[in-house]
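Enquirer: What follows is a structure written as structure tokens; I'll ask about it next.
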Amino acid sequence: MQWHDVEQNTEVWNELRTGKVTASQFHCFMANQGKAFGESAKKYALQIALEIIKKKKSEHVYSNAHMQRGHEQEPMARMLYEIKEDVDVTNGGFFDLGDYGDSPDGLVGSDGVIEIKSVTAPVHFATLERESFDPAYKWQLIGHLDCTGRDWVDFVSYCSDFPEQYSPLIVYRLERKDCEAEITQLRTRRQDFLNLIDWTMGRIKRKETQDEYSNINFR
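Each residue of the sequence shown is one higher than the last, beginning at 55 in our numbering.
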């Protein structure tokens, strides 16, 4: 593993991530465990395969207004988290593990990482009611634990629409010791997905047949 001290969403950061499976997209292939990959996983495999072949970032990376708002509001959420938890958060950078990698939103000491989600009021309220992290990000959070090797990850939900006195910031922690089974599941399924990427590259280059796809184990 190699850690790069780079800022998110910069040119260098994007170059480091090119052709690598990243934790924010682990959910694509963690669906339908034990079964063949769905369309979301196949599309992501194609994206990564093309990035590897072309050695450049995909031109069709999805972004929307919610994601842009998240980038803009992340510094405020980080500051509020530091105050709430009485800690200093340093740059998350990029953890490079060869075929895959991870960009947590920040590092806390030598043991923790954080994942910040700047969300709408309904989404934030649902998290408040759930009293747990948003399950939509489960495999990204598990990925942080796996890729960084750290002991815990704090899921941080921030909503600027909530009044200051009424929980605009919610923090839920996942401990590595409680997630060992999920980490094992992730590692197994991720290897299957890397095999799918290899098969996809072979098909693009006309080296693999459709029959080869059936030889991929789905675990």
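Ideal Cβ placement from N, Cα and C applies to all residues, glycine included.
Going by CA-CA distance only, name the one from Ala99, Gly147, Gly146, Val60 that's closest to Gln79.
Expert: The residue with the shortest Cα to Cα distance from Gln79 is Ala99.
Enquirer: Spatial neighbours of Arg123 within its chain, please: C-beta separation below 8 Å, excluding the five flanking residues on both sides.
Expert: The answer, listed in chain order, is Ser172.
Enquirer: Please report how far the alpha carbon of Glu69 lies from the alpha carbon of Asp150, in whole angstroms.
Expert: Roughly 12 Å separates the two Cα atoms.
Enquirer: Leaving aside the five residues before and after Ile107 along the sequence, list all residues of the same chain whose C-beta is less than 7 Å from its C-beta, in chain order.
Expert: Excluding positions up to five away in sequence, the list reads Met255, Ile258.
Enquirer: Near Asp59, which residues of its chain fall below 7 Å by C-beta distance, leaving aside the five closest residues on each side in sequence?
Expert: Same-chain partners within the cutoff: Asn145, Gly147.
Enquirer: So, with DSSP's three-state summary, where would you put Glu234?
Expert: Note: Glu234 maps to helix in three-state DSSP.
Enquirer: Out of curiosity, what's the CA-to-CA distance linking Asp159 and Ile224?
Expert: Approximately 15 Å, taken between the alpha carbons.
Enquirer: Excluding the 5 residues preceding and the 5 following Asn86 in the sequence, name in chain order all residues of the same chain whose CB lies nearer than 7 Å to its CB.
Expert: For Asn86, where only same-chain residues beyond five positions count, the Cβ hits under 7 Å are Gly92.
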